[in-house]
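This report refers to the structure that appears directly beneath it.
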Ligand code: ARG
């Protein structure tokens, strides 16, 4: 059966057996992993669900279905337990053969009947000139994984970073540069014809300047007014301010590309809030003509209340004429629907922005901007420090992304030394491996928590080589690579023979969980399910490795089969790591 998972295939087999026994029904017939592996590998509980409709006991149904199932060559044993549970154990031949089928085209089998969609995914969302923090880390890591998962399932996905590059922070910086260097051509009167190609400030200057000027503006209304004025002039098109802003944007993007590159996060579009600027007036004009805009205390709003839920209106133009976060987001939806033909737009953003997205989404529906487009806020929780409060530096400042990465890499290097891992590599290779382990630890830790939960940043736990961690995943994948390198003959999956031990069966059955896990992760936009599967596979492999002595096996055919199983496992671990956005080293 093409594009069916093993469980779906078993369910179809079970249905045909129910039919043949005279129990013809529209009700779902399901086959599940066994709750009691000592009784069978799978179980079917459908006899219990059907008893009422057929006015008989579940046991009587199961007793009739059982012998029919038992005749199928794919099935080695069937039994009825308790009130009518049907326990199923596969033939070893069929288990091996279906494992090869899954490995041949996992994307087709995981995708199943899925219809491809045009999706835009909005994640990362860094703000120009402000250093990224742990919230941006979550958005980037979860967004990147979802992008890969959606593509794997066959969707046509465009990843847009949606930078914050147009707000008051830009005005603050312009104001600050002017205060420090009023002689620069950007502030001259009259303005020159053209401006220097080189930025007058570096990214380090900006990173230093921003917290200082923003703190001063908060304290001092005059400075804040000056920053607002600079923002307004920038947005109105002041050529000097635009030129300076372009420098800020360019140097920030260069720095962001380095940060995201280190995390293996990439985008198709590097658009920002500023790109919406010219699209906002025509959108507002249309909304006004169509009667969607209402004046409220001098501001322009779209009411988004539903069923008396008192949701505040979506504010689009402030009384002073300024646009807001919601204005840009509404306009961005308009562009994504019109130009990119998005059928689904996904926002991977902190759950604390939930109200904002509810307002914007309702606004987009009420105004007819996105009539048929699905809009999803894929929210995530907070990263806390050991004290259970949002993660901060010792001094109480925001923890920067780069510091977090450095923390994880240092700890990974320490753990590797302790466990004597990668110590025989030369120094450069060892450092590179520590970098990969540290980043895998960080990403896996973030992804393995259910995204809506808060979690504590515990770098010690994240970097251990034992347990539900990125390093454990890498360690097992690298161990397989090493076995395959040392094997007397190259491994080939087709040499897989029917399993002979429980450890092999259990590993193959674990590999077969992939399609259901991938579909679950996709349906709920929950990458932690992929982490669970990677962990289960790594653990089942560890057990198999302990039980089956691969390299010392003297029977060539048997050894080839064990090597084939190693290769199948490695392929699935690589697939899952790829979906998580985690890279596996060659050695360690
Ligand atoms: N720049 C925003 C922040 O740092 C996140 C942007 C999220 N995306 C969006 N379309 N609103 O909070």
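In my numbering, the protein residues as written are 5 to 592.
Cβ coordinates follow ideal geometry from the N, Cα and C atoms, glycine included.
With a threshold of 8 Å, are at least 3 pairs of Cβ atoms found where one atom belongs to the stretch 146-165 and the other to the stretch 390-402? With the cut-off at 8 Å, the stretch 146-165 and the stretch 390-402 do not touch.
According to DSSP, is residue 199 part of a helix, a strand, or is it coil? Along the chain shown, one-based indexing puts residue 199 at 195. Residue 199: coil per DSSP, three-state reduction.
Of the choices 83, 204, 569, whose alpha-carbon is the least far from that of residue 186? Here the question's residue 186 lines up with position 182 in the chain shown. Minimum Cα distance to residue 186 is reached at 204.
Is any non-hydrogen atom of ligand 1 found closer than 6 Å to the C-beta of residue 128, if you look at the structure I gave you? Within the chain shown, the letter at position 124 stands for residue 128. Residue 128: no, Cβ never under 6 Å from ligand 1.
Distance, residue 487 Cα to residue 328 Cα: Locating residue 328 in the chain shown gives position 324, counting from the first residue. Locating residue 487 in the chain shown gives position 483, counting from the first residue. Cα to Cα, the separation comes out at about 57 Å.
Whose C-alpha, out of 288, 99, 63, 22, is nearest the C-alpha of residue 73? Numbered from its first residue, the chain shown carries residue 73 at position 69. Taking residue 73 as reference, the option from 288, 99, 63, 22 with the minimal CA-CA separation is 22.
Contact under 7 Å by Cβ, residue 337 with residue 368: Within the chain shown, numbered from 1, the residue matching residue 337 stands at position 333. Within the chain shown, numbered from 1, the residue matching residue 368 stands at position 364. Taking 7 Å as the Cβ cut-off, residue 337 and residue 368 qualify as a contacting pair.
What are the start and end residues of each continuous alpha helix (DSSP H) run of 4 or more residues lying completely inside the stretch 306-367, in chain order? Within the stretch 306-367, the runs of alpha helix (DSSP H) at least 4 residues long that lie entirely inside it are, in chain order, 329-342.
If you draw a straight line from the alpha carbon of residue 214 to that of residue 225, how long is it in whole angstroms? If you number the chain shown from 1, residue 214 lands on position 210. If you number the chain shown from 1, residue 225 lands on position 221. Straight-line Cα distance between these residues: approximately 17 Å.
Any heavy atom of ligand 1 within a distance shorter than 6 Å of the CB on residue 211? For the purposes of this step, residue 211 is taken as residue 207 along the chain shown, with counting starting at 1. Every heavy atom of ligand 1 is 6 Å or more from the Cβ of residue 211, so no.
Assigned exposure category for residue 427 - 16 Cβ within 10 Å defines buried: Here residue 427 is taken as the residue at index 423 of the chain shown, counted from 1. Under the 10 Å beta carbon count, residue 427 is surrounded by fewer than 16 other beta carbons and is classified as exposed.
Indicate, with yes or no, if ligand 1 has a heavy atom lying under 6 Å from the CB of residue 353. Along the chain shown, read from residue 1 onward, the residue named residue 353 stands at position 349. At least one heavy atom of ligand 1 is nearer than 6 Å to the Cβ of residue 353, so yes.
To the nearest angstrom, how far is it from the Cα of residue 436 to the Cα of residue 592? To locate residue 436, count along the chain shown from 1; it is residue 432. To locate residue 592, count along the chain shown from 1; it is residue 588. Approximately 10 Å, taken between the alpha carbons.
Within 10 Å of its beta-carbon, does residue 298 have 16 or more other beta-carbons around it, so buried, or fewer, so exposed? The sequence position of residue 298 within the chain shown is 294, counting from 1. Residue 298 should be labelled exposed.
When you compare only the Cα positions, how much space is there between residue 251 and residue 258? On the chain shown, residue 251 is found 247 positions in, with the first residue counted as 1. On the chain shown, residue 258 is found 254 positions in, with the first residue counted as 1. Per the coordinates, the alpha-carbon of residue 251 lies some 11 Å from the alpha-carbon of residue 258.
I'd like the list of long-range same chain contacts for residue 517, defined as Cβ closer than 8 Å, with 5 residues on each side in sequence excluded. Sequence index remark: in the chain shown, residue 517 carries index 513 (1-based). Excluding sequence neighbours, residue 517 sits near 37, 537, 540.
Assign residue 28 to one of two classes, buried (16 or more other C-beta atoms within 10 Å of its C-beta) or exposed (fewer than that). One-based indexing of the chain shown puts residue 28 at position 24. The residue is exposed, with fewer than 16 neighbouring Cβ atoms inside 10 Å.
Sequence-distant residues of its chain with Cβ nearer than 6 Å to residue 346 (five each side left out): Residue mapping note: residue 346 aligns to position 342 of the chain shown, counting from 1. So the qualifying residues of the chain are 122, 124, 340, 377.
Go to residue 522, then tell me how far its alpha helix (DSSP H) extends in each direction, as first and last residue. Taking the chain shown and counting its residues from 1, one reaches residue 522 at position 518. The continuous alpha helix (DSSP H) containing residue 522 extends over residues 518-528.
Under a three-way DSSP split, which group does residue 4 fall into? The question about residue 4 has no answer, for the chain in this structure spans 5 to 592.
Following the continuous alpha helix (DSSP H) through residue 250, name the residue where it begins and the one where it ends. The count along the chain shown starts at 1 and reaches residue 250 at position 246. Where residue 250 is concerned, the enclosing alpha helix (DSSP H) starts and stops at 243-266.
Report all residues from its chain with a CB closer than 6 Å to the CB of residue 111; omit the five preceding and five following residues, and keep chain order. Counted from its first residue, the chain shown places residue 111 at position 107. 156, listed in sequence order.
Residue 379 versus 353, 389, 227, residue with shortest Cα-Cα distance: Within the chain shown, the letter at position 375 stands for residue 379. Closest option to residue 379, Cα to Cα, is 353.
Report yes if the C-beta distance between residue 138 and residue 256 is below 7 Å; otherwise report no. Position 134 of the chain shown, counting from 1, holds the residue named residue 138. Position 252 of the chain shown, counting from 1, holds the residue named residue 256. No, these two residues do not count as a Cβ contact at 7 Å.
Rounding to the nearest angstrom, what Cα-Cα distance links residue 3 and residue 220 in this structure? The shown model of the chain, from 5 to 592, leaves out residue 3, and the question about it has no answer.
With a cut-off of 8 Å, do at least 3 Cβ pairs link the stretch 498-512 to the stretch 556-568? Yes: at least three Cβ pairs fall under 8 Å.
What are the complete beta strand (DSSP E) segments, minimum 3 residues, inside the stretch 46-123? 46-48, 79-85, 89-94, all fully within the stretch 46-123.
Which whole-angstrom value describes the C-beta separation of residue 381 and residue 453, a residue pair presumed to lie in contact below a C-beta threshold of 8 Å? In the chain shown, the residue the question calls residue 381 occupies position 377. In the chain shown, the residue the question calls residue 453 occupies position 449. In this structure, residue 381 and residue 453 do not form a Cβ contact; the two beta carbons are roughly 18 Å apart against a cut-off of 8 Å.
Could you give the distance in angstroms between the alpha-carbon of residue 287 and the alpha-carbon of residue 294? As a working note, residue 287 is residue 283 in the chain shown. As a working note, residue 294 is residue 290 in the chain shown. Roughly 11 Å separates the two Cα atoms.
In whole angstroms, what is the alpha-carbon distance linking residue 87 and residue 17? Here residue 87 refers to the residue found at position 83 when the chain shown is read from its first residue. Here residue 17 refers to the residue found at position 13 when the chain shown is read from its first residue. Straight-line Cα distance between these residues: approximately 21 Å.
By Cβ distance below 7 Å, which residues in the same chain neighbour residue 583 in space, the five residues on each side in sequence not counted? Walking along the chain shown from the start, residue 583 turns up at place 579. Answer for residue 583: 149, 152, 153, 156, 534, listed in chain order.
Backbone secondary structure at residue 594 - three-state DSSP: The requested residue 594 does not occur in the structure, where the chain is confined to residues 5 to 592.
Would residue 77 be called buried (16 or more neighbouring beta carbons within 10 Å of its own) or exposed? Taking the chain shown and counting its residues from 1, the one referred to as residue 77 is at position 73. By the 16-neighbour rule on beta-carbons within 10 angstroms, residue 77 is exposed.
Would residue 7 pass as a contact of residue 43 if the rule is Cβ separation under 7 Å? Position 3 of the chain shown, counted from the start, is the residue given in the question as residue 7. Position 39 of the chain shown, counted from the start, is the residue given in the question as residue 43. At a Cβ-Cβ threshold of 7 Å, residue 7 and residue 43 do not count as neighbours.
Given a cut-off of 7 Å on the beta-carbon distance, is the pair residue 463 and residue 415 in contact? By one-based count along the chain shown, residue 463 stands at place 459. By one-based count along the chain shown, residue 415 stands at place 411. With a cutoff of 7 Å on beta-carbon distance, residue 463 and residue 415 are scored as near each other.
Kindly indicate which three-state DSSP category residue 399 falls into: helix, strand or coil? Translated into positions along the chain shown, residue 399 becomes position 395. Under the three-state reduction of DSSP, residue 399 is assigned to coil, being neither helix nor strand.
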